[in-house]
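Number of protein chains: 2
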Amino acid sequence: MAVLRGDHVLKRVGNSTIYFQNPPVILSSAAIGGKKEGEGPLGKDFDLIIDDSLYGEKSWEKAECKMLKEAAQLAVNKAGLTLDDIDYFLAGDLLNQIITANFTARDLEIPFIGIYGACSTIMEGTALASILIDGGFAQNVLVATSSHHQTAERQYRAPNEQGVKHKPTAQWTVTAAGAAVISREGNGPCVTHATFGRVIDLGIMAPDDMGAAMAPAAADTIARHLNDTQRTPGDYDLMCSGDLASVGKGIVETLLEQKGINVGNKYTDGGVLIYDLETQNEVMAGGSGCGCIGSLMCGHFMKEMKKGTYQRLLLMGTGALLSPTSSLQGESIPGVAHAITVEMNPGKQGGS
Amino acid sequence: MAVLRGDHVLKRVGNSTIYFQNPPVILSSAAIGGKKEGEGPLGKDFDLIIDDSLYGEKSWEKAECKMLKEAAQLAVNKAGLTLDDIDYFLAGDLLNQIITANFTARDLEIPFIGIYGACSTIMEGTALASILIDGGFAQNVLVATSSHHQTAERQYRAPNEQGVKHKPTAQWTVTAAGAAVISREGNGPCVTHATFGRVIDLGIMAPDDMGAAMAPAAADTIARHLNDTQRTPGDYDLMCSGDLASVGKGIVETLLEQKGINVGNKYTDGGVLIYDLETQNEVMAGGSGCGCIGSLMCGHFMKEMKKGTYQRLLLMGTGALLSPTSSLQGESIPGVAHAITVEMNPGKQGGS
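Top to bottom, those sequences are chains A and B. Mapping of the first sequence onto our numbering: position 325 corresponds to residue 348, and the numbering continues sequentially without gaps. Mapping of the second sequence onto our numbering: position 44 corresponds to residue 67, and the numbering continues sequentially without gaps.
Shown next as structure tokens:
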């Protein structure tokens with residue numbers, strides 16, 4: 024049901040979920056992964072696997088940039104468009120000052136809207152792109168994100184050369200990039216709803232337990248989304264969070280159960296999908312990083328939707344909003360989670 | 024003139040400038056400044072001056088957070104609203120992982136959209152807020168940004184205790200926060216247009232010459248905006264860029280002249296307005312930081328518009344998209360500039 028405020032009708036269901044009147048189309052998408060991601064159970068869903076972590080560049084940061092730029096260009100090519108057809112480029116990443124996104128934007132020469140939602144970036148970007156399109160401000164918007172194991176490791180944790188042992192709760196930053204062209208018209212899965220997350224902090228202090236830090240925000244967003252839309256987990260073929268990995272995923276299930284929501288087999292997480300936690304056990308609890316759900320949305324999930332495996336998905340990005348400085352200053356780690364509903368052939372929305 | 028693409032009418036003039044059909048209102052705003060900003064020529068336009076750089080906290084980072092949160096809360100109070108009335112909080116800052124904005128969002132408990140545009144953040148946020156509102160997705164949106172001299176100095180340059188001498192081209196990071204409530208209805212200056220910037224890099228390498236690094240992006244956005252809207256500088260009471268300071272401002276004037284645009288006395292810059300460059304000469308070329316144009320927009324300019332001094336302003340935020348890592352790796356500094364037109368009593372827009 025559309026919500027009335029004053030004299031106005033907002034494109035909203037419930038308290039805080041946006042619905043799109045003419046659901047924007049995910050016209051094309053591209054995913055690039057690293058060697059370990061290529062060896063994972065969804066390796067075949069990447070458009071390109073990069074075996075060399077430096078990707079022929081002089082630094083891992085430059086390699087990440089090259090990967091993001093190639094994913095972006097590939098998504099545009101697959102849409103049958105050129106960069107001139109793209110109205111806005113929305114991107115962000117984990118590196119300080121989102122430098123990967125900035126340098127990619129410099130090369131693309133498209134008006135650029137920089138975003139930061141840590142590992143929730145691809146969903147924040149896709150939601151904003153859909154707002155730009157359904158609001159009448161754009162025809163085609165390019166969204167992209169990336170993470171790189173070595174650049175994240177040395178920025179957030181320790182020099183890679185040090186080979187620090189990780190705790191069982193720790194996660195492995197995914198080397199991957201995802202990009203998508205969101206458009207006003209065309210064929211493909213459509214974005215029907217968006218639920219932006221609140222920043223929630225239950226006091227987790229350990230940067231090597233990020234799944235636990237992000238879980239309360241993930242549970243809050245799922246619960247708000249279901250409540251707003253008056254849906255149950257059964258109304259979705261699958262609900263997938265970003266990169267909570269095995270520890271965080273279990274906490275989300277418990278937190279939702281406490282709210283009276285039984286997700287059954289309708290809920291999973293990108294951090295447990297992207298690696299085989301038994302044979303690739305150096306990843307500990309599973310994957311993390313913007314590139315985790317970023318590449319899964321733009322690779323695996325879009326492919327499966329087009330094949331008909333899924334009709335309606337809730338895709339959620341989950342971000343741990345820490346910085347090394349805040350952790351050193353004794354701050355706990357807040358989390359945020361942004362979710363979108365993606366649907367095949369939804370038709371015009373009027374709320375319901 | 025509205026632009027046709029396919030069968031659709033986009034809310035756009037020219038190639039890339041958005042116009043708002045029902046221009047969103049800047050319902051209220053608040054600005055907080057530090058001691059030096061309070062002693063500057065516009066000191067009286069701040070709602071609050073903080074004499075102590077630690078603001079009673081244990082670290083400068085926590086002080087910056089407190090300042091941003093208070094500016095945000097003050098803007099909401101001045102609008103006669105409560106936090107419950109705000110649909111979205113959009114914010115960003117200069118610190119790694121925009122931690123100031125994240126922690127403020129944690130305390131506000133409003134759905135949060137994190138953005139990063141370096142010192143262009145307040146304009147990126149105000150443009151996105153206006154899109155959310157004119158697109159029909161929100162009633163009230165809170166936008167905020169901040170910078171703090173000591174937190175920026177030690178993150179980007181050197182420990183404050185070291186007392187490094189700055190070059191004449193260097194700028195002084197402003198300690199200030201600005202926040203604004205953008206709404207669908209009410210009285211106040213309205214946002215009529217937004218021009219998002221492209222990322223432009225002419226190869227400036229020196230982090231102590233940021234004005235020069237940002238100037239090409241600023242000139243590009245002004246030129247595109249004027250071309251899109253078929254306006255001249257004479258159609259504005261004033262066009263103000265964010266924080267180019269004296270060196271960058273001169274370069275913008277030269278670059279615009281090369282494009283055949285004579286700005287005459289219609290152009291100035293926040294970095295030269297916020298300090299008295301003669302008596303406060305330790306600031307070298309002038310101010311910089313998200314809080315510079317952030318606090319000037321939310322303090323000085325909103326006050327002057329309400330007094331009737333200005334009817335139509337072009338306000339632009341300018342961001343230098345560097346990180347200490349990218350500079351160390353030999354990268355040059357790209358810039359970005361986002362602009363909005365703010366007008367008293369514009370009426371309904373249909374393009375023209």
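Just so it is clear, CB atoms sit at the ideal spot from N, CA and C, and this is done for glycine as well.
When secondary structure is reduced to three states using DSSP, F43 (chain A) falls in the coil class, being assigned neither helix nor strand.
In terms of beta-carbon proximity, R129 (chain B) lines the interface with chain A, with at least one pair separated by less than 9 angstroms. For T348 (chain A), the nearest CB of chain B lies under 9 angstroms from its own CB, placing it at the interface with that chain. In the structure shown, V295 (chain B) falls within a helical segment according to DSSP collapsed to helix, strand and coil. Taking 9 angstroms as the threshold, the shortest C-beta distance from P134 (chain B) to chain A falls below it. Only those residues of the stretch 155-182 of chain B whose C-beta falls short of 8 angstroms from the nearest C-beta of chain A are listed: L155, D157, G158, G159, F160, A161, Q162 and Q178. For L33 (chain A), the closest Cβ of chain B is nearer than 9 angstroms.
In terms of Cα proximity to M325 (chain A), the closest of A:C213, A:E276 and A:T127 is A:C213.
For N210 (chain B), not one C-beta of chain A is nearer than 9 angstroms to its own C-beta. In the structure shown, the three-state DSSP call for E62 (chain A) is coil.
For the pair S269 (chain B) and S169 (chain B), the Cα-to-Cα distance works out to about 22 angstroms. For V166 (chain A) against I156 (chain A), the beta-carbon gap comes to about 11 angstroms, at or over 8 angstroms, which does not count as contact. Within chain A, no C-beta atom comes nearer than 8 angstroms to that of P239 (chain B); the closest sits roughly 11 angstroms away. Residues of chain B with a Cβ closer than 7 angstroms to the Cβ of V222 (chain A) are, in chain order, N125, A128, R129 and F135. Taking 9 angstroms as the cut-off, the Cβ atoms of S206 (chain B) and L50 (chain B) count as close. Look at A53 (chain B) here: in three-state DSSP terms it is strand. In the displayed model, F160 (chain B) falls within coil according to three-state DSSP, outside both helix and strand. Of all residues in the stretch 54-66 of chain A, none places a beta-carbon less than 8 angstroms from a beta-carbon of chain B.
Burial is judged here by how many other beta carbons sit within 10 angstroms of a residue's own beta carbon; V32 (chain A) has fewer than 16 and is exposed. Closest in alpha carbon position to P191 (chain B), among B:S39, B:A229 and B:E60, is B:A229. Inclusion of G309 (chain B) and G322 (chain B) in the CB contact set at 9 angstroms is not warranted, their separation being larger than that value. For the stretch 81-100 of chain B, the set of positions with a beta-carbon nearer than 9 angstroms to some beta-carbon of chain A reads K81, S82, E84 and K85 in chain order.
Among the residues facing chain A, Y290 (chain B) is not included, as its CB has no counterpart in that chain under 9 angstroms away. Taking C-beta separations shorter than 7 angstroms and ignoring five residues to either side along the sequence, the partners of G265 (chain B) in its chain run C142, S143, G293, C315, I316, M339, G340 and T341, following chain order.
For T40 (chain A), same chain residues with a beta-carbon under 8 angstroms away, outside a window of 5 residues either side, are H216, A217, T218, R247, H248, D251 and T252 in chain order. Rounded to whole angstroms, the separation of the alpha carbons of G201 (chain B) and I73 (chain B) is 14 angstroms.
For S39 (chain B), the chain A residues whose Cβ falls inside 8 angstroms of its Cβ are D110 and P134, in order along the chain.
With contacts defined as CB atoms closer than 9 angstroms, L118 (chain A) and T348 (chain B) qualify as a contacting pair. Taking 3 residues as the minimum length, the beta strand (DSSP E) runs contained wholly in the stretch 189-277 of chain A are 199-206, 213-218 and 261-264, in order along the chain.
Straight-line measurement puts the Cα of N368 (chain B) at about 11 angstroms from the Cα of K329 (chain B). Within 8 angstroms of the CB of N119 (chain A), the CB atoms of chain B belong to N119, Q120, S346, P347 and T348, in sequence order along the chain. Using a Cβ-Cβ cut-off of 8 angstroms, E327 (chain A) is close to nothing in chain B; its nearest Cβ partner there is about 28 angstroms away. Scanning chain B for C-beta atoms nearer than 9 angstroms to the C-beta of Y139 (chain A) yields G115, Q120, I121, A124, N125, G137, I138 and Y139, reported in chain order. Along the length of the stretch 108-170 of chain A, whole alpha helix (DSSP H) runs at least 4 residues long occupy 122-131 and 144-157, reported in chain order.
Looking at the backbone, the Cα of I133 (chain A) and that of F112 (chain B) are separated by about 26 angstroms.
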